[in-house]
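Here's the structure, in structure tokens; my notes come after.
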Amino acid sequence: MRFTTRVIDGLTCPEGARDKLYFDEVQRGLAVRVTAGSSKTYLCQYTLAGAKKRVPLGAVDAISLAAAREAVQAILGEVAKGNDPAANRKAAAAAVKAQKAHEALTLDVLIAEWHRLGLAANKPAYAAEAVRALRKAYADHLAKPAADIDRKLVLKVHDKMVAAGKGTTAARVVAYGKACYSWANKRGTLSLNPFLGQPVQAPKERDRVLSNSELAEIWAQAGADTTFGAIIRMLMLTGQRRDEVAGMTWDELAPDLATWTLPADRVKNSTPHLVPLPAPARELIAAQPRLVRKAGEDDFVFPGRVGQFSGWSRCKERLDAAINAARVKASEEAGEDPALVKPMAPWVLHDLRRTLATGLQRLGVRLEVTEAVLNHTSGSRSGIVGVYQRHDWREEKAAALEAWAAHVAAVVTGQAVAGNVVKLRA
Numbered sequence: 001m002r003f004t005t006r007v008i009d010g011l012t013c014p015e016g017a018r019d020k021l022y023f024d025e026v027q028r029g030l031a032v033r034v035t036a037g038s039s040k041t042y043l044c045q046y047t048l049a050g051a052k053k054r055v056p057l058g059a060v061d062a063i064s065l066a067a068a069r070e071a072v073q074a075i076l077g078e079v080a081k082g083n084d085p086a087a088n089r090k091a092a093a094a095a096v097k098a099q100k101a102h103e104a105l106t107l108d109v110l111i112a113e114w115h116r117l118g119l120a121a122n123k124p125a126y127a128a129e130a131v132r133a134l135r136k137a138y139a140d141h142l143a144k145p146a147a148d149i150d151r152k153l154v155l156k157v158h159d160k161m162v163a164a165g166k167g168t169t170a171a172r173v174v175a176y177g178k179a180c181y182s183w184a185n186k187r188g189t190l191s192l193n194p195f196l197g198q199p200v201q202a203p204k205e206r207d208r209v210l211s212n213s214e215l216a217e218i219w220a221q222a223g224a225d226t227t228f229g230a231i232i233r234m235l236m237l238t239g240q241r242r243d244e245v246a247g248m249t250w251d252e253l254a255p256d257l258a259t260w261t262l263p264a265d266r267v268k269n270s271t272p273h274l275v276p277l278p279a280p281a282r283e284l285i286a287a288q289p290r291l292v293r294k295a296g297e298d299d300f301v302f303p304g305r306v307g308q309f310s311g312w313s314r315c316k317e318r319l320d321a322a323i324n325a326a327r328v329k330a331s332e333e334a335g336e337d338p339a340l341v342k343p344m345a346p347w348v349l350h351d352l353r354r355t356l357a358t359g360l361q362r363l364g365v366r367l368e369v370t371e372a373v374l375n376h377t378s379g380s381r382s383g384i385v386g387v388y389q390r391h392d393w394r395e396e397k398a399a400a401l402e403a404w405a406a407h408v409a410a411v412v413t414g415q416a417v418a419g420n421v422v423k424l425r426a
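In case it helps, UniProt numbering puts the sequence shown at residues 1 to 426.
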């Protein structure tokens with residue numbers, strides 16, 4: 001059949017057939033495929049190593065007959081050289097598809113998928129912290145393809161955090177990244193894990209215990225009229241973990257605010273934890289406005305702008321700046337040189353928990369009670385002791401936290417002598 005535009009317009013697919021091929025007598029290898037749906041496509045058919053191959057050229061209304069014949073001539077020329085245009089096009093299409101998939105799977109997308117699927121069985125608190133830490137550490141690289149995150153970049157991010165005095169966080173970020181990429185490796189999404197074998201600097205055990213004067217400064221600048229300030233004071237009064245306090249919901253509290261019960265999925269050791277709340281903590285909670293929430297939304301006591309509070313770094317920097325400004329002001333009012341004022345030694349929110357634990361020991365609180373307050377399962381509450389010792393220490397915890405709250409009150413009002421702690425009566 002000699003192709004012309006009119007001839008091609010008249011080509012049809014036989015009734016009952018899925019498609020039909022018509023070949024041109026002028027240009028060897030040129031064909032038109034007509035489908036049952038009346039679509040018509042130019043293609044080139046050739047034989048290579050005994051096998052018939054076809055290369056689509058485009059719809060007949062998209063390219064001219066002359067252009068189709070020229071395209072076939074070029075393809076047959078490649079075949080004459082021993083090339084396989086069909087295979088080459090297939091490989092090129094696969095490469096384009098792979099590149100699109102490569103670019104689509106950004107680090108941000110990978111972390112989101114890991115959170116949604118890989119961390120589904122983990123505790124919400126761990127999942128949220130892992131995702132938050134990775135996103136923060138790699139904030140400048142979230143738009144990069146996940147496969148382009150290499151060992152060199154991981155080490156650079158880690159070393160930068162260590163140099164900033166965040167060695168513990170840096171080690172955790174590497175651990176989170178390793179878990180995230182290992183999950184992707186197992187799913188076949190990625191083939192490499194840039195976090196494996198990193199020469200991570202082992203985090204040093206922190207031993208920072210805040211002095212009474214430092215507690216007073218922190219309390220004064222962490223105003224209870226802000227969400228972050230209220231959280232700081234709550235951490236100081238109860239010694240619970242940062243995310244436990246930030247995730248506190250109204251339904252975890254007793255109606256009279258006497259106790260706060262953390263469910264198993266919100267604590268590190270998967271054991272429900274009852275915290276007797278001392279009077280200042282109850283007053284702090286009672287002062288928080290209860291916002292109207294939509295159905296299904298968590299009713300947080302200390303909410304963020306959206307959902308749970310999350311502005312830790314920014315608010316901590318502001319608190320440190322406020323403490324330093326107060327020191328400078330006090331120096332000026334005392335007629336001293338403000339240039340000689342030193343900022344408070346570096347501290348982290350977890351130091352408040354350690355300070356409470358140390359303070360309880362100074363108050364003469366039994367170790368078992370201190371560990372019960374902190375919800376620790378190590379030491380006196382682990383192993384066989386933990387199996388047979390089922391006392392919940394509720395009354396003892398309440399007494400200990402009331403005593404600690406009284407000490408904090410004395411400190412922040414200037415009634416306590418620096419370094420002095422009044423012990424509980426035997």
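Even for Gly, the Cβ is constructed at its ideal location relative to N, Cα and C.
From valine 123 to serine 270, what does the alpha carbon distance come to, in whole angstroms? As a first step, residue 123 is located in the sequence shown; it is residue number 123 there, counting from the start. As a first step, residue 270 is located in the sequence shown; it is residue number 270 there, counting from the start. A small correction: the amino acid at residue 123 is lysine; valine does not occupy that position in the sequence shown. Cα to Cα, the separation comes out at about 9 Å.
From Ser211, Pro145, Ala130 and Pro85, residue whose alpha carbon lies closest to that of valine 411: Against the sequence shown, residue 411 aligns to sequence position 411. When the alpha-carbon of valine 411 is set against those of Ser211, Pro145, Ala130 and Pro85, the nearest one is in Ser211.
My output table needs one value for proline 56: the three-state DSSP class, helix, strand or coil. Reading the sequence shown from its first residue, position 56 is the one you call residue 56. Look at proline 56 here: in three-state DSSP terms it is strand.
Please list the segments of the beta strand (DSSP E) lying wholly inside the stretch 27–87, counting only runs of 3 or more residues, in order along the chain. Complete beta strand (DSSP E) runs here, min 3: 30–35, 40–48 and 51–59.
Kindly list the residues whose CB is nearer than 8 Å to the CB of arginine 206, restricted to its own chain and excluding five residues on each side of it in sequence; keep chain order. What you label residue 206 is simply residue 206 of the sequence shown in a count that begins at 1. Listed in chain order, the non-local C-beta contacts of arginine 206 below 8 Å within the same chain comprise Thr168, Val348, His350, Asp351 and Arg354, local neighbours out to five positions each way being set aside.
Which of helix, strand or coil does DSSP assign to valine 411? Translated into positions along the sequence shown, residue 411 becomes position 411. For valine 411, the three-state secondary structure derived from DSSP is helix.
Could you tell me the alpha carbon to alpha carbon distance between proline 194 and alanine 164, rounded to whole angstroms? Your numbering for residue 194 matches position 194 in the sequence shown. Your numbering for residue 164 matches position 164 in the sequence shown. Approximately 22 Å, taken between the alpha carbons.
Just verifying my parser: in three-state terms, what is the DSSP assignment at glycine 419? Taking the first residue of the sequence shown as position 1, residue 419 is located at position 419. With a pLDDT of 49 at glycine 419, under the threshold of 50, the modelled position of this residue cannot be trusted; read the value that follows with caution. Residue state, collapsed to three classes: coil.
Whole-number beta carbon distance between alanine 224 and alanine 287, since they are thought to touch under 8 Å: Here residue 287 refers to the residue found at position 287 when the sequence shown is read from its first residue. Here residue 224 refers to the residue found at position 224 when the sequence shown is read from its first residue. Separation of the CB atoms of alanine 287 and alanine 224 is rounded to 7 Å, and the pair is thereby assigned contact status at 8 Å.
My guess is that residue 427 and leucine 190 are in contact by the Cβ rule of under 8 Å, so how many angstroms apart are they, rounded? This structure does not reach residue 427, given that the chain is present from 1 up to 426, and the question cannot be answered.
Taking the straight line between their C-alpha atoms, what separation do you get for serine 313 and valine 162? As a working note, residue 313 is residue 313 in the sequence shown. As a working note, residue 162 is residue 162 in the sequence shown. Their Cα atoms are separated by approximately 16 Å.
Starting from the Cα of tryptophan 250, find the closest Cα among Ala127, Ala279, Arg241 and Asp298 and give me that residue. The residue you call residue 250 lines up with position 250 of the sequence shown. In terms of CA proximity to tryptophan 250, Asp298 leads the group Ala127, Ala279, Arg241 and Asp298.
Which of helix, strand or coil does DSSP assign to glycine 118? Position 118 of the sequence shown, counting from 1, holds the residue named residue 118. Correct three-state label for glycine 118: helix.
Using only alpha-carbon positions, find the residue among Arg242, Gly335 and Thr227 that is nearest to arginine 290. Mapped onto the sequence shown, residue 290 falls at position 290. The residue with the shortest Cα to Cα distance from arginine 290 is Thr227.
Does DSSP put aspartate 19 in a helix, a strand or coil? On the sequence shown, residue 19 is found 19 positions in, with the first residue counted as 1. Strand.
Alpha carbon to alpha carbon, what distance is there between isoleucine 149 and valine 245? Taking the first residue of the sequence shown as 1, we reach residue 245 at position 245. Taking the first residue of the sequence shown as 1, we reach residue 149 at position 149. Cα atoms of valine 245 and isoleucine 149: separation of roughly 34 Å, rounded to the nearest angstrom.
Should the stretch 116–134 be called in touch with the stretch 263–277, which here means at least 3 C-beta pairs below 8 Å? Between the stretch 116–134 and the stretch 263–277 there are three or more C-beta pairs closer than 8 Å, enough to call the two in contact.
Using three-state DSSP, classify histidine 391 as helix, strand or coil. Taking the sequence shown and counting its residues from 1, the one referred to as residue 391 is at position 391. Judged by DSSP in its simplified three-state form, histidine 391 adopts coil rather than helix or strand.
Below 8 Å, how does it come out for the stretch 87–101 and the stretch 58–67: are there three or more Cβ pairs, yes or no? Short answer: they don't touch.
If you check the beta carbons only, do leucine 274 and alanine 258 fall under 8 Å apart? Within the sequence shown, residue 274 is the residue found at index 274, counting from 1. Within the sequence shown, residue 258 is the residue found at index 258, counting from 1. Against a cut-off of 8 Å, the Cβ pair of alanine 258 and leucine 274 comes out as no contact.
By the three-class DSSP mapping on this structure, what secondary structure does threonine 249 have? On the sequence shown, position 249 is the one that residue 249 refers to. Per DSSP, reduced to three states, the secondary structure at threonine 249 is strand.
Roughly how many angstroms lie between the CA atoms of alanine 326 and arginine 318, to the nearest whole one? The residue labelled residue 326 in the question sits at position 326 within the sequence shown. The residue labelled residue 318 in the question sits at position 318 within the sequence shown. When rounded, the distance between both Cα atoms is 12 Å.
Give the DSSP-derived three-state secondary structure of aspartate 24 in the structure shown. The residue you call residue 24 lines up with position 24 of the sequence shown. Aspartate 24: coil per DSSP, three-state reduction.
With distances taken between CB atoms, is the gap from alanine 68 to leucine 107 smaller than 8 Å? Here residue 68 corresponds to residue number 68 of the sequence shown, with the count starting at 1. Here residue 107 corresponds to residue number 107 of the sequence shown, with the count starting at 1. No. Outside cutoff.
Completely contained beta strand (DSSP E) runs for the stretch 270–329, where each covers 3 or more residues: Scanning the stretch 270–329 from its first residue to its last, the whole beta strand (DSSP E) runs of 3-plus residues come out as 273–276.
Looking at the structure shown, is tryptophan 347 part of a helix, part of a strand, or coil, going by DSSP? Mapped onto the sequence shown, residue 347 falls at position 347. DSSP places tryptophan 347 in coil when its eight states are reduced to three.
Assign phenylalanine 309 to buried or exposed, taking buried as 16 or more other Cβ atoms, counted over all protein chains shown, within 10 Å of its Cβ. Indexing the sequence shown from 1 puts residue 309 at position 309. Flag for phenylalanine 309 reads buried.
On the DSSP letters alone, give me the boundaries of the beta strand (DSSP E) that threonine 259 sits inside. For the purposes of this step, residue 259 is taken as the residue at position 259 of the sequence shown. Where threonine 259 is concerned, the enclosing beta strand (DSSP E) stretches over 259–262.
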